[in-house]
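Per my numbering, residue 1156 is the first one in the sequence shown, and the count goes up by one each step. We treat Cβ as the ideally placed atom computed from N, Cα and C, and that holds for glycine. What follows is a short report on a single structure.
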Amino acid sequence: MKVGAKHYRSIWYDYAEQVVKIIDQRWLPHEFRVVDLKSRDDFAVAIRDMWVRGAPLIGATAAFAVAEEMKRDASDASLDETWEVLHETRPTAINLRWALNVMRDRLRDVPESERAATAQALAQQICDEDVECNRQIGLHGLEIIKKIASTKKPGEVVNILTHCNAGWLATVDWGTATSPMYHAAEAGIPVHIWVDETRPRNQGAQLTAWEMDSHGMSHRLIVDNAGGHLMQHGDVDMVIVGTDRTTSHGDVCNKIGTYLKALAARDNNIPFYVALPSPTIDWTLKDGVAEIPIEERDGDEVTKVWGKMEDGRVGQVQISPDGTAGGNPAFDVTPARLVTGLITERGVCEASAEGLAALFPEQVLD
Ligand code: MRU
């Protein structure tokens, strides 16, 4: 998407400088910093410490990590070790394992002398396919927004609530949850986005709000607990969120707090949609609550908050007593029964084994 006059992806290979570049998201919205990732450790740190984040982007970054490593050492041992090092960086987003498996499985049969070039092309392909998936998600989601807009009186807007950042910064481009919003705005449908701040790391306040602001989208930032109130008062027409892992039966794991939004949406009869590219589906799992590993992050993310100080410095402030420890489960699972529909690159389906199987019949095992 555009930042100023320039089009950016969240990750790209700079062919002139022969290096992978990312937007270091820790500094947004205050500073727009682009950094180079070179060594395997650079890539692992960037994922673990959330310089890049969002399930599809984590996968794309891991793919480039393998490609860069193959230039240094294209042996089987290096391929396996790189898989292990990257895989342990973040446990919940399944796109990480998906991308690492694609890279390892495809490279295994390629002679070592050709692995670097093949890996580079594969990583680029993973990125390009993510962009196209998200564009398709946007077009399918647009149809849902159009239907809601058709029930509105002239001058009324479609109010959409979103949680965390499932925007272009969380993918390679377009975003998942945001793609229908961007497509609606391009189609001239008046949309207004309620942006959940998304404690503890505030991906909504820092990243989604930045995206909305830089793309001229009508939006307001709300505290995480405001959604239920807004729904009770008719101020939310639909919810669209992303996901880090969705089971073959349609249970949806996403940023902590998503489940509470789904409960409030159900209580108020408001459609709750989840937008996802198919690499986010974990076909090996059924019951999300029981089976999806939930990342437990540092309690300091809860007791401290990042922001811009009055003197302009970007840093952390502590908001709780010295003796209080933070508890920090980073994701939760919304059961399929609370999800109105899954917006995928192949269309919209019910959040169920049958719904997913109808769209992705090749994934269903006998
Ligand atoms: O911890 P994060 O910032 O990586 O969590 C991101 C999310 O929860 C997103 O909603 C999810 O990855 C979907 S991104 C299209």
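Query	Result
What residue does the alpha helix (DSSP H) around K1226 start on, and which one ends it?	A1210 to R1227
So A1229 packs on R1263, CB below 8 Å; how close in whole Å?	So it is not a contact: roughly 11 Å between Cβ atoms.
Could you check which residue in K1193, E1287, A1248 and R1252 has the C-alpha nearest to that of G1164?	In the sequence as displayed, the identity of residue 1164 is Arg instead of Gly. The shortest Cα separation from R1164 among K1193, E1287, A1248 and R1252 belongs to E1287.
Give the range of the alpha helix (DSSP H) segment to which W1253 is assigned.	I1249 to R1263
Considering Cα atoms alone, identify which of A1321, E1223 and T1398 is closest to V1350.	A1321
Assign Y1428 to buried or exposed, taking buried as 16 or more other Cβ atoms, counted over all protein chains shown, within 10 Å of its Cβ.	buried
With hydrogens ignored, establish whether the beta-carbon of C1319 is closer than 7 Å to any heavy atom of the ligand GDP.	Among the ligands in the structure shown, the ligand GDP does not appear; only the ligand MRU can be found there.
Does the beta-carbon distance from A1325 to R1208 come in below 8 Å?	yes
Can you give me the start and stop residues for the alpha helix (DSSP H) that R1270 sits inside?	E1267 to A1304
Write down the C-beta distance between M1367 and I1348 rounded to the nearest angstrom, noting that I regard them as a contact closer than 8 Å.	6 Å
Hey, quick one: how far does the alpha helix (DSSP H) through K1416 stretch, first residue to last?	T1413 to D1422
Taking only three categories from DSSP, how would you classify I1377?	strand
Could you tell me if K1416 is buried or exposed, where buried requires 16 or more neighbouring beta carbons within 10 angstroms of its beta carbon?	buried
Counting only the same chain and skipping the five closest in sequence on each side, list residues whose C-beta sits under 8 Å from that of D1442.	T1402, H1404 and D1406
Helix, strand or coil for H1338? Go by DSSP, reduced to three states.	helix
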